[in-house]
């Protein structure tokens with residue numbers, strides 16, 4: 046293979062890290078460079094009872110043939126010895142093995158390889174761990190013969206790049222998986238999450254945040270910018286976003302705001318936080334996100350939250366009912382007494398006990414403690 050062809054394959058290898066749709070083309074290019082007709086990049090895990098293979102990319106791979114290999118022929122494959130001896134980044138070939146009479150008489154060759162016209166084998170070892178390894182396996186047809194020196198040289202040229210791309214791709218997959226799990230966790234906790242620029246342009250919003258902005262909850266999106274339904278609240282929200290982005294000394298970098306709804310009530314709390322200084326250091330584009338907003342519906346999952354809070358501070362059932370009424374109505378003890386159909390004195394006595402158990406001194410402090418220590422888990 047000419048050097049230009051090798052360089053073209055290397056370029057495709059790195060392009061395939063970020064473009065998953067091009068990985069089949071990458072695989073085909075590597076296979077053809079080795080003179081093969083079938084190839085697969087996979088992680089192979091050995092377990093006491095069976096082997097498991099996780100395919101990352103493949104070319105001309107028949108799933109029925111793969112299953113037959115794993116079920117019946119993986120345990121007797123003579124190629125495993127080559128793979129066992131290979132170091133990460135090393136290229137191995139079975140040319141000397143497939144030319145032997147013993148191999149031609151073997152069950153592996155006659156019952157699996159020969160029926161599929163698989164002749165020589167080229168392997169690129171990528172990573173190795175106890176009980177697992179990842180590699181690129183290429184099978185050549187009988188018409189291609191054994192691997193030539195030029196083909197081996199081409200494989201050795203691309204091997205370090207393929208290894209590096211595989212490791213970077215694995216790190217990206219792990220990052221995406223963690224980001225996905227974090228997103229699911231935030232959503233299950235009932236939090237809305239929004240990333241904005243310093244000017245308030247929305248760069249990302251999870252499903253919960255989108256629902257808040259579409260509803261009449263006091264938060265909205267206007268032409269792609271975060272805003273509040275109430276004019277004064279919107280000004281305050283924008284000031285918090287700008288302060289968080291700039292981290293000025295006269296304004297604290299971030300803060301929280303309770304948003305009034307269009308009907309005059311108050312349900313959503315928005316916590317505005319700056320991205321870390323380290324993350325901000327990597328942001329060169331002025332339109333990149335620099336501020337995060339966590340949005341909480343204070344009334345979501347209220348019953349469960351009251352139960353958790355009551356257990357945390359050892360409140361009696363009667364005190365828990367008073368707490369629930371206080372949080373729900375946010376009114377004085379008299380309104381709690383009317384709601385629960387108890388006397389004002391009884392309501393005040395329960396409130397006094399609750400304040401003592403929670404080490405708070407005012408009803409407002411109690412309400413604040415409640416919302417700070419309970420999470421509005423999404424209704425299940």
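Residue numbers (this note's numbering): 46 to 425.
No residue lacks a Cβ here, since even glycine has one placed at the ideal position from N, Cα and C.
Could you name the residues that DSSP lists as bridge partners for residue 180?
Residue mapping note: residue 180 aligns to position 135 of the chain shown, counting from 1. DSSP lists 87 and 170 as partners of residue 180.
What's the call for residue 229, buried or exposed, on a 16-neighbour Cβ count within 10 Å?
Taking the chain shown and counting its residues from 1, one reaches residue 229 at position 184. The residue is exposed, with fewer than 16 neighbouring Cβ atoms inside 10 Å.
With a cut-off of 8 Å on the beta carbons, I'd call residue 122 and residue 153 a contact; round off their distance for me.
As a first step, residue 122 is located in the chain shown; it is residue number 77 there, counting from the start. As a first step, residue 153 is located in the chain shown; it is residue number 108 there, counting from the start. So it is a contact: roughly 6 Å between Cβ atoms.
For residue 170 and residue 198, believed in contact at Cβ under 8 Å, the rounded distance
Along the chain shown, read from residue 1 onward, the residue named residue 198 stands at position 153. Along the chain shown, read from residue 1 onward, the residue named residue 170 stands at position 125. Not confirmed; about 17 Å, so no contact.
Counterpart residues of residue 98 in DSSP-defined beta bridges
Within the chain shown, numbered from 1, the residue matching residue 98 stands at position 53. Per DSSP, 89.
Contact between the region 340-356 and the region 274-288 (3+ Cβ pairs under 8 Å):
no
Would you decide whether residue 108 is buried or exposed? Buried here means 16 or more other CB atoms lie within 10 Å of its CB.
Here residue 108 refers to the residue found at position 63 of the chain shown. The residue in question, residue 108, is exposed, as its Cβ has fewer than 16 Cβ neighbours within 10 Å.
Measuring straight from C-alpha to C-alpha, what distance separates residue 404 and residue 361?
Numbered from 1 along the chain shown, position 359 holds the residue referred to as residue 404. Numbered from 1 along the chain shown, position 316 holds the residue referred to as residue 361. Near 16 Å, if we compare the C-alpha coordinates of residue 361 and residue 404.
Considering Cα atoms alone, identify which of 133, 179, 189 and 175 is closest to residue 83.
Locating residue 83 in the chain shown gives position 38, where the first residue counts as 1. With distances taken between Cα atoms, residue 83 lies closest to 189.
Quick one: any contact between the region 62-79 and the region 167-184, if contact means 3 or more CB pairs under 8 Å?
yes
Find out if the Cβ-Cβ distance for the pair residue 101, residue 66 is shorter than 9 Å.
Counting from one through the chain shown, the residue named residue 101 turns up at place 56. Counting from one through the chain shown, the residue named residue 66 turns up at place 21. No, they are not a contact pair.
State the beta-bridge partners of residue 63 as determined by DSSP.
What you label residue 63 is simply residue 18 of the chain shown in a count that begins at 1. Bridge partners of residue 63: none, in fact.
Give the range of the beta strand (DSSP E) segment to which residue 342 is assigned.
Position 297 of the chain shown, counted from the start, is the residue given in the question as residue 342. Element bounds for residue 342: 336-342.
Determine the burial state of residue 48: buried for a count of at least 16 other Cβ atoms within 10 Å of its Cβ, exposed for fewer.
Residue numbering aside, residue 48 sits at position 3 when the chain shown is read from its first letter. Under this definition residue 48 is an exposed residue.
Throw me the rounded Cβ distance for the residue 236 and residue 340 pair, which I believe falls under 8 Å.
Counted from its first residue, the chain shown places residue 236 at position 191. Counted from its first residue, the chain shown places residue 340 at position 295. Confirmed, Cβ separation roughly 7 Å.
At which residues does the beta strand (DSSP E) containing residue 271 begin and terminate?
Taking the chain shown and counting its residues from 1, one reaches residue 271 at position 226. First-last of the beta strand (DSSP E) with residue 271: 270-273.
Whole-number beta carbon distance between residue 202 and residue 165, since they are thought to touch under 8 Å:
As a working mapping, residue 165 is identified with position 120 in the chain shown. As a working mapping, residue 202 is identified with position 157 in the chain shown. Wrong, their Cβ atoms sit about 19 Å apart, outside the cutoff.
Mind checking which residues open and close the beta strand (DSSP E) that includes residue 123?
Reading the chain shown from its first residue, position 78 is the one you call residue 123. That residue, residue 123, is in no beta strand (DSSP E); it is neither H nor E in DSSP.
Roughly how many angstroms separate the alpha carbons of residue 418 and residue 412, rounded to a whole number?
Reading the chain shown from its first residue, position 373 is the one you call residue 418. Reading the chain shown from its first residue, position 367 is the one you call residue 412. Approximately 10 Å, taken between the alpha carbons.
Beta-carbon contacts of residue 99 that lie in its chain and below 7 Å, excluding the five residues immediately before and after
By 1-based counting over the chain shown, the position of residue 99 is 54. Around residue 99: 87 and 88.
Looking at the secondary structure, which residues open and close the beta strand (DSSP E) in which residue 394 lies?
Taking the chain shown and counting its residues from 1, the one referred to as residue 394 is at position 349. Taken as a continuous stretch (DSSP letters only), residue 394 belongs to no beta strand (DSSP E), being part of the alpha helix (DSSP H) at 389-403.
What do you get for residue 205, buried or exposed, if any count of 16 or more other CB atoms within 10 angstroms of its CB means buried?
By 1-based counting over the chain shown, the position of residue 205 is 160. Exposed, by the Cβ-count rule.
Go to residue 264, then tell me how far its beta strand (DSSP E) extends in each direction, as first and last residue.
Along the chain shown, one-based indexing puts residue 264 at 219. Element bounds for residue 264: 264-267.
Can you tell me whether residue 224 is buried or exposed, with buried defined as 16 or more other CB within 10 angstroms of its CB?
As a position in the chain shown, residue 224 is number 179, starting the count at 1. So residue 224 counts as exposed.
In three-state DSSP terms, what is residue 304?
As a position in the chain shown, residue 304 is number 259, starting the count at 1. Strand at residue 304.
Contacts around residue 327, its chain only, beta-carbon distance under 7 Å, and the 5 residues preceding and following it disregarded
As a position in the chain shown, residue 327 is number 282, starting the count at 1. With a pLDDT of only 44 at residue 327, under 50, the local geometry of the prediction cannot be trusted, and no value is derived from it.
Three-way DSSP call (helix, strand, coil) for residue 237 in this model
Here residue 237 refers to the residue found at position 192 when the chain shown is read from its first residue. The answer is strand: DSSP assigns residue 237 an E or B state.
Taking only the alpha-carbon atoms, compute the straight-line gap between residue 368 and residue 173 and give it to the nearest angstrom.
Within the chain shown, residue 368 is the residue found at index 323, counting from 1. Within the chain shown, residue 173 is the residue found at index 128, counting from 1. Looking at the two C-alpha atoms, the distance is approximately 58 Å.
Between the C-alpha atoms of residue 213 and residue 52, what's the straight-line distance to the nearest angstrom?
As a working mapping, residue 213 is identified with position 168 in the chain shown. As a working mapping, residue 52 is identified with position 7 in the chain shown. When rounded, the distance between both Cα atoms is 19 Å.
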